[in-house]
Amino acid sequence: MDFLRKILFPFSLIYWAVTAVRNFLYDKGIFTSHSFPVPVIAIGNLSTGGTGKTPQTEYLVRLLSGNYKVATLSRGYKRKSKGFVLADSSSSADTLGDEPYQFHTKFPNIRVAVDADRKNGIENLLSLFPKPEVILLDDAYQHRRVKAGFYILLTAYGDLYADDLILPAGNLREGRSGAHRANVIVVTKCPQGLSAEAQDIIVKKLRPEARQKVYFTCIDYDNALYSEEGERSLEAVSDVLKVLVAGIAKPKLFFDHVKGKSDIALAFPDHHDFTEKEIEDINKQTKDKLVITTEKDFMRLKGRLPKEKLFYLPIKSRFIAGGDDFDKTLLDYVGKSTANR
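Residue numbers (our numbering): 1 to 341.
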């Protein structure tokens with residue numbers, strides 16, 4: 001891998017130059033960034049994926065939706081629709097993409113929309129009645145046509161952007177200097193017992209600016225598995241034979257948490273669109289086994305595998321420390337922004 005990175009490094013310099021010029025033109029106002037009269041929060045990363053954007057976005061929905069009319073706006077990666085689409089009762093993973101469809105299913109009290117053109121998407125959301133009071137931009141850190149009021153930059157523990165290279169030699173979509181746009185930096189997928197000393201080492205490696213706060217979160221797994229027909233405790237199926245299916249960027253944590261000695265683990269690319277042949281192969285391996293998948297994959301697999309066998313394991317993002325301060329920082333931003341509208 002190191003040898004391959006050395007070969008690709010010259011191409012990374014070209015990629016870096018292109019993204020650096022683009023960011024410079026936006027920073028200097030030569031390219032126009034559009035602002036809007038509502039709080040807009042962008043959640044994203046510098047890398048190509050696997051930082052836990054979905055649970056972090058859901059955390060913000062839970063934090064804000066009790067007091068504000070919240071909308072999420074995503075690109076709708078791998079959806080089969082085009083342009084602006086607002087979620088409704090006829091929506092599916094095909095029309096919205098798996099993650100927005102998950103938001104729509106879990107949070108019926110918020111607006112969920114998709115549009116690759118985030119400016120157009122926000123304009124469409126603001127034309128609705130009642131219009132949203134807060135807009136969450138999912139995976140929009142590099143979408144510079146929109147100037148968000150607050151940026152949350154995610155980076156995964158054990159895969160920090162400070163240790164990575166730009167594409168194609170590494171996994172960064174832009175240079176590490178792009179971190180300067182963040183209001184806060186969240187290190188995700190940390191071990192639950194990460195010590196204060198270990199956190200300090202990471203902070204020094206990330207080298208945040210004085211105005212930037214760094215927080216640490218871990219993944220909390222639910223104690224139950226859910227299906228279209230009901231739920232079962234995770235403990236109750238610990239000795240049951242299972243086929244684990246994950247189409248996410250970095251499935252190791254999921255497999256490690258669920259997998260028993262005799263279970264089968266099937267890993268697919270992130271946002272994978274399962275073919276009929278793959279569904280047939282999964283069915284053949286299932287027989288007397290349960291199929292356990294991630295919540296995101298469940299959105300694409302339900303209706304295609306026997307519902308009495310197909311279960312998913314929900315996850316949440318939990319702050320190891322400083323959660324109250326993070327909440328206050330976000331609520332203060334939204335409160336001041338709505339008051340100044």
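Think of the CB as a built atom: it goes at the ideal place given N, C-alpha and C, for glycine as much as any other residue. Owing to the predicted nature of the structure, the values given are computational and were not obtained by experimental measurement.
Alpha carbon of residue i to alpha carbon of residue j, nearest angstrom
i: residue 210; j: residue 182; result: 12 Å
i: residue 113; j: residue 139; result: 13 Å
i: residue 322; j: residue 163; result: 24 Å
i: residue 237; j: residue 33; result: 51 Å
i: residue 102; j: residue 208; result: 32 Å
i: residue 333; j: residue 66; result: 16 Å
i: residue 160; j: residue 206; result: 8 Å
i: residue 257; j: residue 293; result: 12 Å
i: residue 116; j: residue 87; result: 15 Å
i: residue 212; j: residue 28; result: 21 Å
i: residue 39; j: residue 185; result: 19 Å
i: residue 300; j: residue 69; result: 28 Å
i: residue 80; j: residue 204; result: 43 Å
i: residue 295; j: residue 314; result: 6 Å
i: residue 26; j: residue 145; result: 8 Å
i: residue 306; j: residue 216; result: 38 Å
i: residue 166; j: residue 308; result: 44 Å
i: residue 325; j: residue 235; result: 34 Å
i: residue 104; j: residue 155; result: 25 Å
i: residue 264; j: residue 244; result: 6 Å
i: residue 106; j: residue 6; result: 44 Å
i: residue 16; j: residue 239; result: 49 Å
Exposure of residue i, with buried meaning 16 or more beta-carbon neighbours within 10 Å
i: residue 56; result: buried
i: residue 233; result: exposed
i: residue 121; result: buried
i: residue 4; result: exposed
i: residue 99; result: buried
i: residue 18; result: exposed
i: residue 196; result: exposed
i: residue 291; result: buried
i: residue 21; result: exposed
i: residue 109; result: exposed
i: residue 45; result: buried
i: residue 192; result: exposed
i: residue 13; result: exposed
i: residue 132; result: buried
i: residue 130; result: exposed
i: residue 23; result: buried
i: residue 178; result: buried
i: residue 287; result: exposed
i: residue 251; result: buried
i: residue 58; result: buried
i: residue 260; result: exposed
i: residue 230; result: exposed
Simplified DSSP assignment, three categories, for residue i
i: residue 111; result: strand
i: residue 32; result: coil
i: residue 25; result: helix
i: residue 384; result: Only positions 1 to 341 of the chain appear in this structure, which leaves residue 384 out of reach.
i: residue 226; result: strand
i: residue 346; result: The shown model of the chain, from 1 to 341, leaves out residue 346, and the question about it has no answer.
i: residue 126; result: helix
i: residue 93; result: helix
i: residue 139; result: coil
i: residue 156; result: strand
i: residue 4; result: helix
i: residue 13; result: helix
i: residue 206; result: helix
i: residue 106; result: helix
i: residue 119; result: helix
Member of the options whose CA lies at the smallest distance from the CA of residue i
i: residue 137; options: 60, 170 and 328; result: 60
i: residue 188; options: 86, 178 and 47; result: 47
i: residue 157; options: 267, 12 and 50; result: 50
i: residue 190; options: 101, 308, 318 and 125; result: 318
i: residue 303; options: 283, 315, 149 and 313; result: 283
i: residue 311; options: 104, 331, 242 and 326; result: 242
i: residue 277; options: 270, 285 and 271; result: 285
i: residue 77; options: 84, 96, 64 and 62; result: 96
i: residue 298; options: 273, 320, 287 and 338; result: 273
i: residue 119; options: 134, 111, 105 and 143; result: 143
i: residue 168; options: 335, 10 and 104; result: 10
i: residue 390; options: 148, 74 and 218; result: Coverage of the chain is limited to positions 1 through 341, which leaves residue 390 absent and any answer about it impossible.
i: residue 173; options: 141, 200, 180 and 199; result: 141
i: residue 329; options: 41, 240, 202 and 231; result: 41
Beta strand (DSSP E) runs contained entirely in the segment 271 to 341, provided each spans 3 or more residues: Qualifying beta strand (DSSP E) stretches, in chain order: 290 to 294, 310 to 313 and 315 to 321.
Alpha helix (DSSP H) segments (min. 4 residues) lying fully within the segment 39 to 86: Taking 4 residues as the shortest admissible run, the segment 39 to 86 contains the following complete alpha helix (DSSP H) segments, listed from N- to C-terminal end: 53 to 64.
Segments assigned alpha helix (DSSP H), at least 4 residues, entirely inside the segment 232 to 277: Runs found: 252 to 258.
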